[in-house]
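Colleague: Input: one structure, supplied below.
Residue numbers (the working numbering), protein chains in the order written: chain A, 1 to 128; chain B, 129 to 580.
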């Protein structure tokens with residue numbers, strides 16, 4: 001088993017690895033993890049992301065990612081890419097530069113968009 | 129017991145945070161120079177796709193391509209605080225791509241010398257509904273307006289005047305021999321309509337039961353009046369067969385009511401200007417431009433005909449502003465607009481689509497024809513300088529030309545091509561016209577117009 005410290009934001013084949021990790025292991029990562037199901041409901045949310053956004057797990061889990069949790073990603077740059085990957089049943093692994101609004105402050109990040117056919121898709125957040 | 133803390137506890141703070149995260153409007157706090165200090169997620173959702181550099185450092189920069197006057201608008205606002213603009217509409221791109229917002233509403237409030245609040249909303253659907261309503265309004269206006277006089281004209285299946293009556297003589301001054309068998313374009317000023325557009329109106333009347341069109345009309349003596357034409361198909365007529373030229377020839381197929389509404393012109397013109405005109409040059413604004421493009425492309429879909437697009441940009445405009453001052457820069461833009469009006473036809477759509485960027489939609493014009501128009505524009509501007517306070521200001525324009533074809537999915541793609549051609553003209557040394565051409569114009573994708 002890979003120790004969380006060794007798992008980096010740009011780790012190859014990360015989606016499959018994240019699927020196997022428990023909540024505890026996700027919390028040990030030093031980048032944000034938001035995992036969501038086919039209905040865009042947030043199912044996984046790690047400590048890093050919770051701290052950055054200032055929101056506790058209970059405010060986020062089981063809510064719609066693109067309308068309740070991260071409306072800033074609800075455009076063709078992010079949400080549409082997941083929708084397209086789902087529609088065409090293809091895997092998605094793209095890293096893009098983005099600006100999040102963590103605690104209403106413009107924050108430059110790299111987002112890694114992952115959909116590999118597992119139960120969850122992921123948005124990973126690496127703060128620059 | 130402890131006294132209640134004056135600070136919100138963690139739960140309350142979190143609830144406030146989430147309240148802002150989820151707010152279904154975009155809220156942005158900016159500094160006087162546009163630097164983004166705070167923003168909520170919805171504003172990032174709306175602004176990120178517009179940001180040329182993928183950053184959100186400055187709101188004026190992020191919106192520069194679609195609202196070039198924003199920085200100036202804020203700079204010109206002298207009061208110490210107050211509303212700078214209220215629900216100003218920003219037209220992002222043509223309405224032919226299904227995903228994402230097309231129209232944003234922006235309100236700006238100056239809080240003090242160093243802070244402004246902006247509210248951004250996606251009003252794409254609202255804008256669409258309003259356009260539908262306006263169409264209905266035009267129809268109602270045409271019916272209930274107090275009118276000076278009207279002519280009742282019967283047209284055959286191809287839109288030619290089928291017979292003469294006294295009302296035609298009264299309103300237009302034409303006698304029977306001058307109108308019979310003539311296309312109804314006879315009543316329009318030269319260049320105000322094309323044969324394709326005339327046919328379009330008949331098809332639209334077939335589909336909707338009526339079509340209304342307001343604008344200048346001409347009398348037999350050449351004098352003009354502001355008129356409204358409403359065309360409706362006559363009842364009890366079988367549907368037109370486009371395959372046959374013979375069908376319905378010389379039989380009345382449509383009724384056209386042509387009204388002189390000159391009295392009403394001032395009101396409807398003022399309203400139209402406020403909504404559809406660029407305030408500086410009087411040309412169409414982005415909103416009118418995209419709406420006209422949508423109509424033209426919809427017509428092209430029904431009956432294929434060429435539609436060309438010219439995009440022109442004043443060369444070294446920033447240097448003109450720096451050297452002569454902004455009022456002189458404005459005079460140059462007005463001069464450019466006046467030259468466009470002199471060179472183009474009335475049916476062409478002339479628009480200011482950016483700070484020093486203009487566009488012309490040319491219905492029923494092939495690429496070669498559009499190139500000729502563009503070249504005339506370029507040459508005239510080069511030959512006749514603008515004047516400002518007894519000073520002659522020479523300037524030039526670079527022009528990109530493209531024509532719609534079936535490989536393009538919509539108007540945005542056509543704009544991209546014209547933009548690429550414009551960029552090629554700039555790169556080739558400015559004061560030039562370039563046509564988009566799949567073979568000769570091999571521009572890498574990233575070389576759109578983000579340069580210097």
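Glycine included, every Cβ here is placed at the ideal spot set by N, Cα and C. If you're wondering where the values come from, they're calculated on a predicted model, not measured in any experiment.
Assuming residue 354/B is part of the beta strand (DSSP E), what are its boundary residues?
Modeller: Residue 354/B -> beta strand (DSSP E) spans 352–361.
Colleague: Within its chain, find whatever has a CB closer than 8 angstroms to the CB of residue 145/B; leave out the 5 residues flanking it on each side and keep chain order.
Modeller: Counting only Cβ-Cβ distances below 8 angstroms, and skipping sequence neighbours, we find nothing.
Colleague: Answer yes or no: does any C-beta atom of chain A fall closer than 8 angstroms to that of residue 176/B?
Modeller: Output row for residue 176/B: interface = yes.
Colleague: Could you tell me the alpha carbon to alpha carbon distance between residue 245/B and residue 103/A, rounded to whole angstroms?
Modeller: Roughly 17 angstroms separates the two Cα atoms.
Colleague: Tell me which same chain residues have a C-beta within less than 6 angstroms of the C-beta of residue 98/A, skipping the five on either side of it?
Modeller: Cβ within range, chain order: 109, 111.
Colleague: For a contact defined as C-beta to C-beta under 7 angstroms, what are the partners of residue 167/B on chain A?
Modeller: Going along chain A in sequence order, the residues near residue 167/B (Cβ under 7 angstroms) are 101, 104, 106.
Colleague: Can you find a C-beta in chain A that's less than 8 angstroms from the C-beta of residue 218/B?
Modeller: Chain A contact via Cβ: absent.
Colleague: Less than 8 angstroms between CB atoms is the rule here; does residue 543/B satisfy it with respect to chain A?
Modeller: Answer no: the Cβ-Cβ gap between residue 543/B and chain A never drops below 8 angstroms.
Colleague: Mind checking if residue 98/A is an interface residue toward chain B, Cβ cutoff 8 angstroms exclusive?
Modeller: It does: the Cβ of residue 98/A has a partner Cβ on chain B nearer than 8 angstroms.
Colleague: Taking CB distances under 8 angstroms as the criterion, tell me whether residue 85/A reaches chain B.
Modeller: Not one chain B Cβ lies under 8 angstroms of residue 85/A.
Colleague: How about residue 142/B: is its C-beta nearer than 8 angstroms to some C-beta of chain A?
Modeller: So, interface residue.
Colleague: Which residues in chain A have a C-beta closer than 8 angstroms to the C-beta of residue 150/B? List them in chain order.
Modeller: Residues of chain A passing the Cβ test: 67, 68, 71.
Colleague: Are the CB atoms of residue 42/A and residue 26/A nearer to each other than 8 angstroms?
Modeller: No, the Cβ-Cβ distance between residue 42/A and residue 26/A is not below 8 angstroms.
Colleague: Could you check the C-alpha separation between residue 406/B and residue 549/B for me, to the nearest Å?
Modeller: Roughly 25 angstroms between the two C-alpha positions.
Colleague: Quick one: does residue 112/A have its CB under 8 angstroms from some CB of chain B?
Modeller: Answer no: the Cβ-Cβ gap between residue 112/A and chain B never drops below 8 angstroms.
Colleague: For residue 179/B, write down the residues that DSSP places opposite it in a beta bridge.
Modeller: Answer is none; residue 179/B lacks a bridge partner.
Colleague: Within the continuous alpha helix (DSSP H) that includes residue 345/B, where are the two ends?
Modeller: Note, residue 345/B: premise wrong, no alpha helix (DSSP H); beta strand (DSSP E) at 339–346.
Colleague: From residue 107/A to residue 345/B, what does the alpha carbon distance come to, in whole angstroms?
Modeller: When rounded, the distance between both Cα atoms is 58 angstroms.
Colleague: When the Cα of residue 297/B is compared with those of 315/B, 192/B, 515/B, 529/B, which residue comes out closest?
Modeller: Considering only alpha carbons, the answer is 315/B.
Colleague: Go through the stretch 135–201 of chain B residue by residue and report every complete run of the alpha helix (DSSP H) that reaches 4 residues or more, in order.
Modeller: The qualifying runs are 138–150, 169–175, 187–190.
Colleague: Please report the Cβ distance between residue 11/A and residue 17/A, rounded to the nearest whole angstrom; I am assuming they are in contact, meaning their Cβ atoms lie under 8 angstroms.
Modeller: Their Cβ separation, rounded to whole angstroms, is 7 angstroms, which keeps residue 11/A and residue 17/A in contact under 8 angstroms.
Colleague: Can you say whether residue 430/B is buried or exposed, counting buried as having 16 or more other CB atoms within 10 angstroms of its CB?
Modeller: Result: exposed.
Colleague: Quick one: residues in its chain with C-beta nearer than 7 angstroms to the C-beta of residue 293/B, no 5 flanking neighbours on either side, listed in chain order?
Modeller: Answer for residue 293/B: 280, listed in chain order.
Colleague: Among the residues of its own chain, which have a CB less than 7 angstroms from the CB of residue 128/A, if the five just before and after it don't count?
Modeller: Around residue 128/A: 108, 109, 110.
Colleague: Just confirm the distance between the C-beta atoms of residue 305/B and residue 291/B, as a whole number of angstroms; I'd bet it's less than 8 angstroms.
Modeller: 12 angstroms between Cβ atoms; not a contact.
Colleague: Using only alpha-carbon positions, find the residue among 177/B, 217/B, 206/B that is nearest to residue 195/B.
Modeller: Comparing Cα positions, the closest option is 217/B.
Colleague: Show which residues of chain B have a CB atom less than 7 angstroms away from the CB atom of residue 54/A.
Modeller: Near residue 54/A (Cβ distances below 7 angstroms), the residues of chain B are 142, 145.
Colleague: Below 8 angstroms on the Cβ atoms is my contact criterion, and I expect residue 529/B with residue 443/B to pass it. Report the Cβ-Cβ distance as a whole number of Å.
Modeller: With a Cβ gap of about 16 angstroms, residue 529/B and residue 443/B do not count as contacting.
Colleague: Here's the rule I'm using: 16 or more other beta-carbon atoms within 10 Å means buried, otherwise exposed. How should residue 147/B be labelled?
Modeller: Counting Cβ neighbours within 10 Å, residue 147/B comes out exposed, since fewer than 16 surround it.
Colleague: Let me know the secondary structure DSSP gives residue 372/B once reduced to three states.
Modeller: Caution applies to residue 372/B, whose pLDDT of 48 falls short of 50 and renders its modelled position unreliable; the value that the coordinates give is listed next. Residue state, collapsed to three classes: coil.
Colleague: So residue 43/A contacts chain B; which residues on that side make the cut at Cβ distance below 9 angstroms?
Modeller: What residue 43/A touches in chain B: nothing, since even the nearest Cβ is about 18 angstroms away.
Colleague: From the DSSP output, in three-state form, read off residue 547/B for me.
Modeller: It is helical.
Colleague: Which first and last residues belong to the alpha helix (DSSP H) in which residue 323/B is found?
Modeller: It spans 323–336 - the alpha helix (DSSP H) in which residue 323/B sits, taken as one unbroken run.
Colleague: Which one or two residues does DSSP pair with residue 519/B in a beta bridge?
Modeller: In the DSSP output, where bridge partners are listed per residue, residue 519/B has 516/B.
Colleague: Find out if the Cβ-Cβ distance for the pair residue 75/A, residue 176/B is shorter than 8 angstroms.
Modeller: Yes.
Colleague: Taking only the alpha-carbon atoms, compute the straight-line gap between residue 50/A and residue 56/A and give it to the nearest angstrom.
Modeller: Looking at the two C-alpha atoms, the distance is approximately 6 angstroms.
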